[in-house]
Each structure stands twice: as C-alpha cells, then as structure tokens.
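Protein chains in written order, with our numbering: chain A, 79 to 248; chain B, 79 to 248; chain C, 79 to 248; chain D, 79 to 248; chain E, 79 to 248; chain F, 79 to 248; chain G, 79 to 248; chain H, 79 to 248.
There are 8 protein chains.
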Amino acid sequence: MKQSIKKDKQPKTKQPIVAIIMGSKSDSETMMPAKETLESFGVNCEWKILSAHRTPDEALEFAATAHEKGIQVIIAAAGGAAHLAGVLAAKTSLPVIGVPIKSKSLNGLDSLLSMVQMPGGVPVATVAIDGATNAALLALRMLGLKYPDIMKRMNSYREEMRKKVLESNQ
Amino acid sequence: MKQSIKKDKQPKTKQPIVAIIMGSKSDSETMMPAKETLESFGVNCEWKILSAHRTPDEALEFAATAHEKGIQVIIAAAGGAAHLAGVLAAKTSLPVIGVPIKSKSLNGLDSLLSMVQMPGGVPVATVAIDGATNAALLALRMLGLKYPDIMKRMNSYREEMRKKVLESNQ
Amino acid sequence: MKQSIKKDKQPKTKQPIVAIIMGSKSDSETMMPAKETLESFGVNCEWKILSAHRTPDEALEFAATAHEKGIQVIIAAAGGAAHLAGVLAAKTSLPVIGVPIKSKSLNGLDSLLSMVQMPGGVPVATVAIDGATNAALLALRMLGLKYPDIMKRMNSYREEMRKKVLESNQ
Amino acid sequence: MKQSIKKDKQPKTKQPIVAIIMGSKSDSETMMPAKETLESFGVNCEWKILSAHRTPDEALEFAATAHEKGIQVIIAAAGGAAHLAGVLAAKTSLPVIGVPIKSKSLNGLDSLLSMVQMPGGVPVATVAIDGATNAALLALRMLGLKYPDIMKRMNSYREEMRKKVLESNQ
Amino acid sequence: MKQSIKKDKQPKTKQPIVAIIMGSKSDSETMMPAKETLESFGVNCEWKILSAHRTPDEALEFAATAHEKGIQVIIAAAGGAAHLAGVLAAKTSLPVIGVPIKSKSLNGLDSLLSMVQMPGGVPVATVAIDGATNAALLALRMLGLKYPDIMKRMNSYREEMRKKVLESNQ
Amino acid sequence: MKQSIKKDKQPKTKQPIVAIIMGSKSDSETMMPAKETLESFGVNCEWKILSAHRTPDEALEFAATAHEKGIQVIIAAAGGAAHLAGVLAAKTSLPVIGVPIKSKSLNGLDSLLSMVQMPGGVPVATVAIDGATNAALLALRMLGLKYPDIMKRMNSYREEMRKKVLESNQ
Amino acid sequence: MKQSIKKDKQPKTKQPIVAIIMGSKSDSETMMPAKETLESFGVNCEWKILSAHRTPDEALEFAATAHEKGIQVIIAAAGGAAHLAGVLAAKTSLPVIGVPIKSKSLNGLDSLLSMVQMPGGVPVATVAIDGATNAALLALRMLGLKYPDIMKRMNSYREEMRKKVLESNQ
Amino acid sequence: MKQSIKKDKQPKTKQPIVAIIMGSKSDSETMMPAKETLESFGVNCEWKILSAHRTPDEALEFAATAHEKGIQVIIAAAGGAAHLAGVLAAKTSLPVIGVPIKSKSLNGLDSLLSMVQMPGGVPVATVAIDGATNAALLALRMLGLKYPDIMKRMNSYREEMRKKVLESNQ
C-alpha cells in the first residue's frame with residue numbers, strides 16, 4: 079500500500095475532485111472563497127448551480143453519478159429551506175458538506191436548521207452560516223485521508239494561521 | 079359549466095384524491111387526524127411513507143405521477159430537516175401542504191423553518207407544527223373550489239365549531 | 079364533466095378570482111410580485127388594504143362575502159402580530175394563504191408564528207416571510223385543480239425555472 | 079370629585095366588571111387563578127369561551143358591547159397564533175390584557191409574539207406566558223385608578239407579598 | 079356617581095397624569111410618539127430619564143411617590159436587560175406599561191423577555207418592541223375608565239384609523 | 079505585603095463572605111450546590127430569599143450594606159424577568175454573579191437574557207442556566223485573588239476534575 | 079494505484095481508525111449508536127472521555143497525536159458550551175465531526191451553535207443534535223473515499239434503508 | 079492584615095494585572111472601551127490576540143502562566159463558536175470574564191451561548207454581547223476585593239453615572 083500512496087500523494091490537478099453545488103446563482107459570491115481555498119491546495123472543483131426545487135432531476139442525477147465521474151466530496155450551499163445538501167446526500171455515498179447561506183429574513187438560522195437537523199441515515203456535514211472557506215478546508219481534510227500531500231499542506235496551513243495570529247500581536 | 083358541476087358536486091368516494099405522505103412511520107399517529115378529517119368529509123386518501131432522503135427516487139416519482147393517478151392535493155409531513163414537502167412540490171404542479179412534525183430536540187422549529195421558508199418558485203402551504211387536522215381542512219378548502227359539496231360541508235363544519243364553542247359556555 | 083371543463087379551462091380574465099389583502103399600505107411593495115405573478119398566468123386579482131385591527135368589521139365582511147363575489151382564493155399579508163389571515167379564514171370556507179411580512183424588530187419571526195400556528199379548525203396556508211411570489215404560485219396551484227390551463231401553465235413555469243437554472247451554468 | 083369617589087370607592091360586587099375570555103375551554107385551568115385573584119379583591123368577572131377563529135362574530139360582538147354592559151377591563155387568553163386579544167381590542171376602547179397560553183410545541187413563544195407585537199393603533203397589555211394571576215393584578219391596578227378601595231387593597235397585597243418573602247427567611 | 083363623572087369627564091390638562099420614564103436618554107426619540115399621542119388626547123405627561131441600574135434609588139422613589147403626585151399611569155421604556163418597568167411596578171400600585179426598546183444585538187428580544195416575563199405578583203403591561211404609540215394608547219384606555227371624554231376620543235381615534243385604511247383603498 | 083497575605087491566606091470560616099440571594103424560595107433546590115461548593119472550599123455564605131419585585135427595598139438595602147457587613151461576592155439567582163442580580167449590582171461595588179434559573183415556559187432563555195444583557199455601567203457576571211456550582215466556583219476564583227489558599231484549592235479542584243475524567247476511561 | 083487499493087479495500091479490523099471522544103461520561107448512551115454503526119461496517123473505534131475544560135491538555139494531546147496513532151476521523155460529542163470538537167480540530171488536520179448533545183435547558187441549541195459556528199480556518203463537520211448514527215455514517219463516507227469496501231457497504235446501507243421504507247407501506 | 083492593605087491599596091500602575099485576550103484582530107475596536115475603562119481606574123492591561131483554534135497551544139500556555147506573570151483577571155472576547163474564554167478558564171484558577179462578540183449572521187446569540195453555557199467545573203463570567211465596558215467594570219469589582227482604592231473609585235464611578243442620568247433630566 080505504501081508504494082501506491084507514493085505514486086498518488088496528491089490528486090492530478092486537472093480533474094475536479096470536489097464539486098461545489100449552489101442552489102442559486104446569488105450564492106456564487108459567498109461560495110467563491112471555497113473555490114479559491116481548494117485551488118490554493120492544488121485541488122480543482124466543479125462549480126455548478128443546481129436546485130433541489132427548480133432542477134430536482136438534475137440535482138439527483140448529479141449526485142447519483144458524481145462518484146463515477148471522479149468527484150470525491152460534494153459541497154452544497156443553499157439558503158432558507160435549504161434542501162439541496164440533504165437531497166444530494168440521499169443519492170450518493172460520498173461525503174456531502176452543507177453550507178447554510180445567510181437568508182434575508184432569518185439570517186441563516188432557517189438555512190442552518192434545514193441542513194444540520196438531518197434524520198438518521200443520511201448525514202450532511204454542516205459548517206457555519208456562509209462558511210465557504212471552512213467547507214473547503216473540511217473537504218481538504220477528508221481528501222487528506224487519501225492524499226498525504228493534502229494533509230501535509232493542511233498542517234502547513236494551520237501553522238501559517240498560527241503564525242499570522244502571533245504576528246498580529248507585534 | 080353549472081351543469082357539469084351539478085353532476086360532480088363531490089368526488090367519487092372510492093378513488094383517493096388526497097395523498098398523505100409521511101417521511102417516517104413514526105409520523106403516523108400524528109397524521110391520523112388528517113385522514114379521519116378527510117374521510118369525515120367523504121374524501122378518501124392515499125396513505126404512504128416516502129422519504130426525501132431514504133427513498134428520493136420513489137418520492138419524486140410519486141409527485142411526478144400523482145396528478146395523472148387522480149391525486150389533487152398532497153399533504154406531506156416530516157420532522158427535523160424536513161425536505162419532503164419541498165421536494166414533492168418540485169415535481170408536481172399540484173398544491174402541496176406541509177405539516178412540520180414536532181422534533182425531539184428543537185420542538186419542531188427546525189421542521190417548520192425547513193418547510194415554510196421555501197425559495198421563490200416552489201411553494202409549500204405550511205400549517206402549524208403537528209397540524210394534521212388543519213392540513214386536511216386546508217386540502218378540503220382547496221377541493222371546495224371544485225366540488226361545491228365539500229365547500230358546503232366546510233360551511234357546516236365551521237358552523238358546528240361555532241356552536242360547540244358557544245355551548246361550552248353553558 | 080370533461081365537456082364542461084373544456085369550456086372553462088381558464089377563468090374569464092376580467093373578473094378577479096384571487097384577492098390580495100394587506101394589513102397595511104406599507105406592505106404593497108412587498109406584495110406586488112404576487113399580483114404580477116397572478117397576472118402573468120392570466121389571473122386578475124382584487125387588491126385591498128384591510129386590517130384585522132383597524133377595520134375588523136370590513137375585514138370580516140370581506141371574507142364572509144368573498145366567495146359569492148367570485149373570489150376563489152384569498153392571499154393575506156401582514157406583519158408583527160399578524161392576525162389578518164387567521165381572521166379572514168375564520169369567516170370563509172375558501173382557502174386563505176398567509177404571507178408573513180418581515181417585521182422591523184424580529185425580522186418576521188413574529189409574523190410567521192402569528193400566522194402558521196393556527197389552532198385546529200381554521201387553517202392558514204402559510205408561505206415564507208415576504209414570500210409574495212410563492213403565495214401567488216400556491217394560489218395558482220389551487221386554481222389549477224379546477225382550471226386545466228392554469229395547471230398547464232404551471233407545468234411550463236416549472237420547466238422554465240429549470241431551464242433558467244441550467245442555462246445559468248453556461 | 080372627591081365626594082363622588084367616596085360614594086363609589088369600590089365596584090358593586092354583584093355585577094362583573096372584568097371579563098375573562100378564553101380562546102379554548104382547555105385554557106380554563108390556566109386562567110382560574112385570574113378569576114380567584116379578582117374575587118379575592120371583591121371584583122366579579124364574566125367567564126367566557128370565545129374564539130377569534132371559531133366564533134369571530136360573537137367575539138367581536140362581545141368586545142363591541144362590553145363597555146355598555148358594564149365591563150371595564152377585558153382579559154383575553156389564547157395560545158399558538160393567539161389572535162383573540164388583538165381582535166377584541168380592535169372592537170372596544172376598553173383596555174385589553176393578553177395572556178399568552180403556553181403552547182404544545184413552541185412553549186408559548188408563538189402565543190407571546192402573536193399577542194405583544196401588535197401594530198400601532200390597537201394595544202394589547204401583554205403579561206407573561208400563562209400569567210393569569212398577573213393579568214388579574216394588572217386589571218385591578220387599572221381599576222384602582224377609579225376605585226380607591228381597590229388601590230388600597232393592592233397596597234396591602236404588595237405588603238403581604240413582601241412579608242411572605244421576608245418570613246420565608248426564618 | 080354619574081354626577082361626579084360629569085364634573086370630571088377629563089383630566090385637568092396642566093397636571094401630568096401619565097409619566098414616561100426612560101432607562102436612557104437614547105430612548106427619547108423612540109418614545110416621543112408616546113408623548114405626542116398622549117398630548118393629542120389632551121393628556122400631559124411627565125418625561126424623565128431614570129435607570130434601574132444607574133439611579134436605582136431615584137427610580138424606586140419616583141414609583142413610590144408617583145400616585146400621591148397625581149400620576150395615574152407609568153410608561154417605562156428600556157432595552158437589553160430591561161429591568162426598569164418591573165422595578166417601578168414593585169414600588170407602586172399604579173398600572174405600569176413596559177415598552178421594550180429594540181436592542182443593538184438581539185433586536186429587542188432580550189428587552190421584551192426581560193419585561194413581559196414578570197413573576198406572579200407584580201405585573202407589567204408590555205406592548206410591542208419600540209411600541210411607544212401603543213403604550214400611550216394603552217394608558218389612555220386605562221384613563222378612559224375614569225374619564226369618559228378620553229374613552230370617547232378613543233372611540234373616535236379607532237374610527238379615524240378605520241377611515242384612513244378604507245380611504246387608502248381609493 | 080507578602081507578610082500580611084501569609085496571615086490571611088484564607089477567610090475566617092465563621093463569617094459569611096459570599097451571599098447567595100434567591101428571588102424565590104423555589105430556587106433553593108437549584109442553588110444548594112452553590113452553598114455546598116463554597117463550604118467544600120471552607121467558605122461560609124449567607125443564604126437569603128430577596129426579590130427585586132416583592133421586596134425591592136430590602137433587596138437594595140441588602141446590596142447597599144453587604145460590603146460593610148463583610149460580604150465580598152454576591153450570587154443572585156432568579157428566573158423569568160430576572161431583575162435581581164442587576165438591581166443588586168446597582169447598589170454595590172462588589173462583584174455580582176447571576177444565575178439564570180430555568181423557567182417554566184421558555185426554559186431559562188428569558189432568565190439568561192434578563193441577566194446577561196446588562197447595559198454599560200453595571201455588570202452582572204452571568205453563568206449558565208441553573209449553573210449554581212459554577213457560580214460558586216466563580217466566586218471562589220474571585221476570592222482566590224485575595225486568599226492564596228482558595229486559589230490553591232482551586233488548582234487542586236481542577237486537578238481532581240481532570241483525574242476523575244481520566245479515571246472514567248478505565 | 080488500483081493494485082494497491084485492491085490489497086487495501088477495507089481497514090484492518092483490529093486497529094481503531096475512528097475515535098469517538100465525549101466531553102462527559104453522561105454522553106455515552108447517546109453516542110453508543112455511533113460505535114455500533116461503525117462496527118456494523120467493520121470499523122473499530124477508540125472510545126474516550128476527554129473534556130476541553132476538565133482535561134484540556136489531554137484533549138489537545140490526543141488530537142495532536144491521533145493521526146500518527148492511526149486514527150483517521152475524530153467524532154467529538156459535547157453539550158452546552160460545546161468546545162470539544164473545535165478544540166480537537168485546532169490540533170489535527172484530520173476531519174473532526176461534531177455531535178451537539180441535547181442540553182438540559184436549551185435542548186441542544188447552545189451545543190449546536192457552539193459547534194457549527196466555527197470561525198474560518200478550523201472546520202467542524204457538524205451533524206444533528208444527538209445525531210450519533212449520522213456522525214458514524216459521515217465518518218464512514220469519508221473513509222469510503224479511501225476504502226472502496228466501505229463505500230460499497232454504504233451503497234448497500236442506503237439501499238436497505240430504501241427497502242425498509244418501501245416495505246413499511248405494505 | 080489591615081496594615082498591609084494600606085500599603086497596597088491599589089496595584090502598581092506599570093505592571094498589567096488584567097489581560098484582554100481577543101480571538102481575532104477584528105475584535106479590537108469592540109474591546110477598546112475595556113482597555114480605556116481599566117486605564118481610567120489606573121489599571122494597566124495586557125492586550126493580546128490569541129485564538130482557541132488558530133493558536134491553541136499559545137492560548138493554553140498563556141492561561142497556565144498568567145497568574146505567575148502577575149495577571150489577576152482575564153477578559154476573553156470571541157465571536158461565533160466562541161471557545162476562547164472557556165479554554166482559558168480550563169487552564170487557570172483566575173477568574174475569566176467572557177465577552178461574546180456580535181457575530182455576522184446570528185448577532186452574537188451563538189457567541190453568547192458558546193460562552194455562558196459552560197459545564198459544571200469551569201465557570202466563565204459572561205457579560206453582554208459586545209459588553210467590553212462592563213467586562214472591565216466587572217474585572218475592577220473583582221480587583222476591588224483586594225485593592226480598596228479600586229473599590230472606592232467604583233463607588234465614585236457609580237455615583238457619577240447617577241449624577242449624569244439625573245443631569246440629563248435638566
């Protein structure tokens with residue numbers, strides 16, 4: 079096994095292995111840091127608008143075929159009655175990360191509860207409201223289980239954060 | 079038109095024209111009053127467990143074909159991250175009524191927000207937490223638009239409620 | 079029956095068959111998309127300010143006579159202690175749709191709970207906070223039970239939403 | 079003025095001058111302390127079930143004629159989408175006190191917000207969830223403005239409370 | 079009794095019979111409509127900044143002597159941990175109306191709960207968050223029990239509101 | 079200074095230096111662990127029922143004279159509109175610790191916000207809902223600034239907690 | 079790479095590759111389904127009580143060395159001010175799954191927000207309140223990225239859930 | 079002892095005896111009034127950015143050595159999943175004051191609950207959301223137990239607040 083891992087310490091950069099799915103085009107700006115964070119780790123992503131309510135068939139189809147198309151982690155962002163992440167998770171065995179988008183009236187509390195309170199059987203890995211960066215970092219930690227280089231970079235990333243905080247004291 | 083309405087003042091009782099869909103078998107007891115209320119108005123219903131997360135394909139298939147099978151209103155009950163009503167509404171043009179089921183930790187606030195805060199385009203007619211009776215009454219009010227006998231009975235139903243309250247004062 | 083439905087596949091456009099009732103003139107802007115959505119489906123609406131607290135008699139009178147004046151669905155919008163929809167529903171057997179208006183202090187949570195948590199007997203079909211468009215779409219789904227053309231247009235509407243989302247990916 | 083007040087230092091005990099209106103018979107037990115508190119001050123009350131939703135006409139009629147029948151303060155108790163107090167206040171110039179009843183799912187937060195968040199123009203004097211005793215005490219404080227004996231008793235009541243607390247330390 | 083009431087149908091306008099107490103000078107703008115509403119009914123008010131936390135002695139002293147100085151109703155406005163109304167109510171038998179001021183972080187939910195959830199024995203008549211106008215109207219309804227002219231004006235006030243709403247439809 | 083501290087490394091055990099004040103006798107059971115925790119550190123406490131609403135004068139008097147009577151920290155427990163801690167803090171320069179008591183309807187959220195959201199100028203050191211033990215531990219940490227023996231015992235207390243957790247793994 | 083994966087399609091069953099860390103022994107019963115779910119997939123886990131507050135050093139030390147000891151995913155359960163998951167995530171690059179435990183007063187809303195609202199840089203994959211089973215299923219989905227057998231079993235697991243729901247309709 | 083206290087009625091001004099620790103540089107502006115308040119009492123503070131998540135080791139190390147470096151009270155400010163105060167309190171026997179910072183989506187309710195709902199054993203003295211001034215005043219009240227001059231100044235501070243409020247009425 080060690081041998082094979084050497085050959086495959088990081089994903090081939092061209093093929094997207096993370097998908098970022100948003101329920102609405104208006105979520106793009108909020109989710110851009112997720113894309114940028116993934117790319118800063120050398121991980122490409124598929125970037126797609128798909129809605130559990132406006133394109134239910136395409137959303138389910140996407141989830142059902144994501145694995146065979148090379149996707150390893152799905153990040154799903156939606157606001158209000160945020161069903162996207164749960165519906166995707168229902169059609170795949172890949173880990174699905176949910177980003178509750180801050181909503182206009184209830185500030186994202188609705189989005190958060192709609193995502194995190196999943197019934198037993200189908201989990202959604204929920205991060206903070208508008209937590210695009212953390213969604214990407216969580217995807218990378220999952221990928222780090224398989225690609226040692228990603229885990230190494232995550233170690234460096236944490237170290238850099240630490241230094242940055244300490245420097246801010248000077 | 080008046081002529082035809084005379085012939086069809088109420089639905090033929092054998093065929094179910096309302097579907098009650100529950101996300102989990104444990105919702106049955108809470109939803110039974112919906113079935114009983116419909117039947118007390120002479121309306122039969124289809125009674126089914128279907129989950130947006132455990133049986134996504136069957137749930138969508140059900141919604142997509144409900145109209146052609148004679149269903150006119152769908153009542154969907156679910157708790158927690160309650161996606162069922164929204165997902166069904168995405169695949170039909172029939173009105174979908176959502177019943178947020180009281181959840182174990184957050185008392186149904188999660189279920190309520192997951193149902194009612196639907197994004198523009200796909201409405202869910204949400205009633206109170208555990209509001210099974212009202213879900214049925216709402217379905218009957220909708221059917222009353224088409225079947226004059228149901229509207230008449232609703233008038234009587236409201237009158238009976240009134241009398242019952244007034245009698246409770248004696 | 080089929081024959082009559084052919085003759086009456088859609089409502090005669092002049093007569094309003096949906097009423098949009100607002101608790102305050104300040105709700106007008108929020109509710110305008112409801113009117114526009116109805117009209118885009120060829121459905122005219124009555125547009126009225128009536129308050130459960132400032133014009134209780136007129137509000138009740140409106141609900142009591144709405145059906146005989148040709149109204150088939152009532153949309154009621156109000157904020158804060160939003161009693162309008164419930165009070166109207168008490169005086170009619172027509173379906174009443176409630177739109178909780180976002181309030182100044184509590185962002186519409188008060189409006190939502192005041193509408194959706196109706197006691198058994200008198201249902202209000204509640205949509206999202208400020209959900210004017212969905213209120214209209216819900217009214218249209220109800221009308222679609224009776225007018226096949228409206229249901230057909232709803233099918234197209236859903237298909238157009240789908241296409242629009244898919245196109246946003248190009 | 080003083081002279082007249084001497085003659086009328088307290089209400090004639092037979093005639094009810096406070097009305098306790100409940101939205102549902104199930105609120106009776108919760109509201110009983112209101113009745114008992116009023117009676118312990120020598121004030122009789124009218125005790126009535128009237129619902130904003132099940133008996134809207136009777137509720138409005140009651141409020142509209144309460145003053146001429148001798149009622150001086152109305153206490154209204156309701157749970158969930160608690161519209162009763164607001165609707166009564168819309169039809170009278172008497173002060174209306176609202177008691178939000180603890181609800182099954184949301185513990186009375188819905189009842190509280192439905193009562194207290196009244197729009198400008200029609201106030202409801204809201205007390206705590208299930209606060210029947212305080213509703214009566216508030217009514218008595220209002221009556222104390224007119225009947226000096228009631229205010230005297232309120233002074234004694236407060237003094238007794240004080241003593242009781244101090245004694246509990248011994 | 080009737081005779082005396084004739085002589086005293088409204089309060090002598092110079093002497094303030096309502097006190098508006100605010101916890102902080104920053105509440106002044108929010109509370110101004112209370113003053114204006116009272117004055118539009120010919121009722122003068124005492125306008126004072128007193129804090130339960132910064133001037134506890136003066137606050138208690140004010141409440142303890144308010145009645146003998148001619149005050150008949152106290153309106154108390156405060157935000158956050160809003161103790162003012164409760165503390166004043168503890169030291170007087172007059173009715174105390176609480177206005178929860180919208181707070182910076184929690185939008186007044188804290189102010190509301192701090193006011194309305196009073197323990198048995200000491201009631202605060204709570205109105206909506208920032209509900210200055212309604213606080214005044216509630217005070218006037220209380221005074222209307224004693225001064226028939228105020229009740230008459232309240233009847234007119236309600237009638238004017240009604241007309242204004244109806245006119246807004248033209 | 080060191081010398082003097084040697085002489086006075088811990089308080090003389092007979093005299094109470096912490097006061098536990100409860101708004102209601104029903105809070106006693108919840109607060110007993112505070113007393114026990116203090117005593118297990120060799121610190122005696124005064125145990126008293128005093129209410130901001132039922133005994134406002136005695137409550138203020140207590141706070142105003144607490145320091146001169148030897149009290150160094152005040153723990154105040156109350157539920158609902160929990161004004162006790164804030165009102166005590168207004169009349170003393172001693173640190174006041176607030177324990178929000180779990181309330182019947184809102185589970186202590188009202189108590190918590192009523193205590194913690196104090197306006198600038200008068201702080202209340204709020205601990206968790208029903209957090210009697212932590213209130214005592216917080217008082218002891220404050221006393222530890224002055225009495226080295228108490229801080230030493232706190233070090234041991236933390237070490238014992240640590241061991242207990244680690245042992246629970248065996 | 080394919081070759082190596084063949085050899086290592088599932089983890090060697092003896093060595094624990096998932097750690098279940100609980101903040102308190104009282105969380106054990108709630109978390110047992112996580113252990114059982116993992117074991118039903120042939121995955122062993124380390125089961126440990128460690129507290130962010132009572133054993134901070136041991137908690138950090140555990141996280142810092144988890145990876146080198148063979149742990150691949152950490153599940154952390156805690157209630158109230160639930161800091162455990164966040165603190166562990168700060169000291170490892172492994173994915174950390176947080177299970178908010180239902181708390182006594184606030185039903186787990188405090189636990190949920192304390193876990194999910196992590197600041198940018200350190201993600202916690204939060205599941206539902208008391209969502210032990212889903213925490214395990216999420217861990218398994220992550221492991222499925224690396225161990226094809228686990229993903230296969232997850233596919234079967236989802237298929238079995240589906241069948242069970244469908245059978246419940248017969 | 080009295081003698082020694084005379085010599086040491088206030089802390090030597092150069093050495094910081096209070097530490098203000100913030101989880102993020104962006105909290106600086108909110109926390110500045112804490113620093114200013116302390117300094118206005120002649121108390122210097124250490125001002126530091128340290129994060130429970132980005133610099134866990136440094137944060138724990140700081141808490142563990144704070145006492146021996148002369149710090150007597152720690153003020154910790156953080157937002158969202160605000161673990162900083164709890165984690166610091168775990169590693170010291172000094173009193174730790176928590177300031178929940180208003181967060182972007184949930185307005186600080188998450189920060190508040192993450193701080194105040196600490197489990198038994200490790201208390202955090204929580205003040206209001208963004209309550210920097212009160213955090214400092216609370217620290218000063220604690221220090222006042224030891225340094226009589228600080229308590230005297232606190233008495234004056236309270237008296238000045240009082241005067242300022244009373245003057246605002248002129």
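Cβ coordinates follow ideal geometry from the N, Cα and C atoms, glycine included.
Task: Closest by C-alpha distance to Ala214(F), when choosing among Arg240(F), Pro226(F), Gly157(F), Trp125(F) - done: Trp125(F)
Open item on the list: Looking at Leu191(F): is its Cβ nearer than 9 Å to the Cβ of Leu162(E)?
Closed with: no
Open item on the list: Taking a contact to mean a Cβ-Cβ separation below 9 Å, would you say Ala130(F) touches Arg132(E) in this structure?
Closed with: In terms of Cβ geometry, Ala130(F) and Arg132(E) do not form a close pair [threshold 9 Å].
Open item on the list: Pull the bridge partners of Pro178(E) from the DSSP assignment, please.
Closed with: Note: Pro178(E) is bridge-paired with Ala156(E) in the DSSP secondary-structure output.
Task: Proximity test, Cβ basis, 9 Å: Ser129(A) and chain B - done: Yes, contact with chain B.
Task: Span separating the alpha-carbon of Ala160(F) from that of Thr108(F) - done: 15 Å
Task: Candidates Val202(C), Ala210(C), Asp227(C), Thr211(C), of which the one nearest Ala217(B) by Cα - done: Val202(C)
Task: Delimiting residues of the beta strand (DSSP E) encompassing Glu124(G) - done: 123 to 127
Task: Buried/exposed call for Met79(D), threshold 16 Cβ in 10 Å - done: At Met79(D) the pLDDT is 29, less than 50, meaning the model places this residue with poor confidence; the figure from the coordinates comes in the next sentence. Residue environment for Met79(D): exposed (fewer than 16 other C-beta atoms within 10 angstroms of its C-beta).
TODO: Indicate whether at least one CB of chain C lies closer than 9 Å to the CB of Ser82(E).
DONE: Any reading at Ser82(E) must be qualified, since the residue scores a pLDDT of 36, below 50, and its modelled position is unreliable; no value is offered.
Open item on the list: On the DSSP bridge list, what partners appear for Ala112(F)?
Closed with: In DSSP, Ala112(F) forms no bridge with anything.
Open item on the list: Using a Cβ-Cβ distance cut-off of 9 Å, determine whether Thr108(G) contacts chain J.
Closed with: Going by chain labels, chain J is absent from the structure shown, which instead holds the protein chains A, B, C, D, E, F, G and H.
TODO: Please state whether DSSP places Lys84(H) in a helix, a strand or coil.
DONE: Low per-residue confidence applies at Lys84(H): pLDDT is 39, beneath 50, and the placement is therefore not dependable, though the value from the model is reported in the following sentence. Correct three-state label for Lys84(H): helix.
TODO: Give the secondary structure of Glu238(F) by DSSP, where H, G and I count as helix, E and B as strand, and everything else as coil.
DONE: helix
Task: Neighbour flag for Val96(H) against chain F, beta carbons, 9 Å - done: no
TODO: Could you tell me whether the Cβ of Lys103(F) comes closer than 9 Å to any Cβ of chain D?
DONE: Using a CB distance cut-off of 9 Å, Lys103(F) counts as an interface residue toward chain D.
Open item on the list: On the CB-based measure, 16 or more other CB atoms within 10 Å of its CB, does Thr143(H) come out buried or exposed?
Closed with: Answer is exposed; the Cβ neighbour count stays below 16.
- [ ] Use the C-beta contact count for Ser181(A): other C-beta atoms within 10 angstroms, 16 or more gives buried, fewer gives exposed.
- [x] By the neighbour-count rule (16 or more Cβ atoms within 10 Å), Ser181(A) is buried.
- [ ] Can you say whether Asp135(A) is buried or exposed, counting buried as having 16 or more other CB atoms within 10 angstroms of its CB?
- [x] exposed
Task: Own chain, CB closer than 6 Å to Lys103(C), minus 5 neighbours either side, in chain order - done: Ile127
Open item on the list: Checking 9 Å against the spacing of the C-beta atoms, do Arg219(B) and Val174(C) come in under that value?
Closed with: yes
TODO: Pull up the DSSP beta-bridge partners for Met100(D), would you.
DONE: Ile127(D), Ala155(D)
Open item on the list: Once DSSP output is grouped into helix, strand and coil, what is the label at Thr204(F)?
Closed with: strand
- [ ] May I ask you to report which of helix, strand or coil DSSP gives Leu244(H)?
- [x] helix
Task: Met220(D), enclosing alpha helix (DSSP H) - first and last residue - done: Bounds of the alpha helix (DSSP H) holding Met220(D) are 210 to 222.
TODO: Would you kindly report the start and end of the unbroken alpha helix (DSSP H) that includes Thr143(D)?
DONE: Thr143(D): member of the alpha helix (DSSP H) spanning 134 to 144, first to last residue.
Task: Short-range partners of chain D found in the stretch 152 to 168 of chain F, where Cβ spacing is below 9 Å - done: Gly158, Ala159
TODO: Determine the chain A residues that contact Ser246(C) at a beta-carbon separation under 8 Å, and present them in chain order.
DONE: Lys103, Ile127
Open item on the list: Any beta carbon of chain C sitting closer than 9 Å to that of Leu184(A)?
Closed with: yes
Task: Best match in Gly199(G), Ser189(G), Asn212(G) for proximity to Met196(A) [C-alpha to C-alpha] - done: Per the Cα distances, Asn212(G).
Task: Helix, strand or coil at Ser171(B) [DSSP, three-state] - done: Coil, per DSSP.
Open item on the list: Which residues of the stretch 195 to 224 of chain H have a Cβ closer than 7 Å to any Cβ of chain G? Give them in chain order.
Closed with: Gln195, Met196, Pro197, Gly199, Val200
Open item on the list: Contact criterion: CB-CB distance below 9 Å. Does Glu136(A) meet it with respect to chain C?
Closed with: yes
- [ ] Take the Cβ of Gly148(D) as the centre, count every other Cβ of all protein chains shown within 10 Å, and call the residue buried at 16 or more, exposed below.
- [x] exposed
TODO: Give the interface partners of Val174(H) over in chain E, defined as CB-CB distance under 9 Å, in chain order.
DONE: Ordered by position in chain E, no residue passes the 9 Å Cβ test against Val174(H), which lies about 21 Å from the chain.
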